[in-house]
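Student:
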């Protein structure tokens, strides 16, 4: 289970990091031209990817590992 969650997190992180990096990189290039500094692009992309991948992994874990609701009479 831990390996599956780790691979899920890494896959989400990579996809979001690349997507955010491309988008933010284009914005930085459009605003700053040849004087663009991409350190902040990498930092913001990593932060966004880390948060989004963590939330997606938590949601997937809670959804796939959820226990069925117990009946009110105590029988499952």
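Numbering (the working numbering), first residue to last: 1 to 76. C-beta atoms are modelled at their ideal positions from N, C-alpha and C, and glycine is treated no differently. Bear in mind that the values here come from a model prediction, so they are computed numbers and not experimental data.
Starting from residue 35, trace the alpha helix (DSSP H) in both directions and tell me its first and last residue.
Tutor: Numbered from 1 along the chain shown, position 35 holds the residue referred to as residue 35. Per DSSP, residue 35 belongs to no alpha helix (DSSP H) and is neither H nor E.
Student: Report, in whole angstroms, the separation of the C-beta atoms of residue 8 and residue 57, which I expect to be a contact under 8 Å.
Tutor: Here residue 8 refers to the residue found at position 8 of the chain shown. Here residue 57 refers to the residue found at position 57 of the chain shown. Confirmed, Cβ separation roughly 6 Å.
Student: Do you know whose CA, among 64, 54, 41, 62, lies nearest residue 19's CA?
Tutor: Working through the chain shown from its first residue, we reach residue 19 at position 19. For the residues 64, 54, 41, 62, the minimum Cα distance to residue 19 belongs to 41.
Student: Rounded to a whole number of angstroms, what is the C-alpha to C-alpha distance between residue 64 and residue 35?
Tutor: For this step, residue 64 is matched to residue 64 along the chain shown. For this step, residue 35 is matched to residue 35 along the chain shown. Between residue 64 and residue 35, the C-alpha separation is close to 47 Å.
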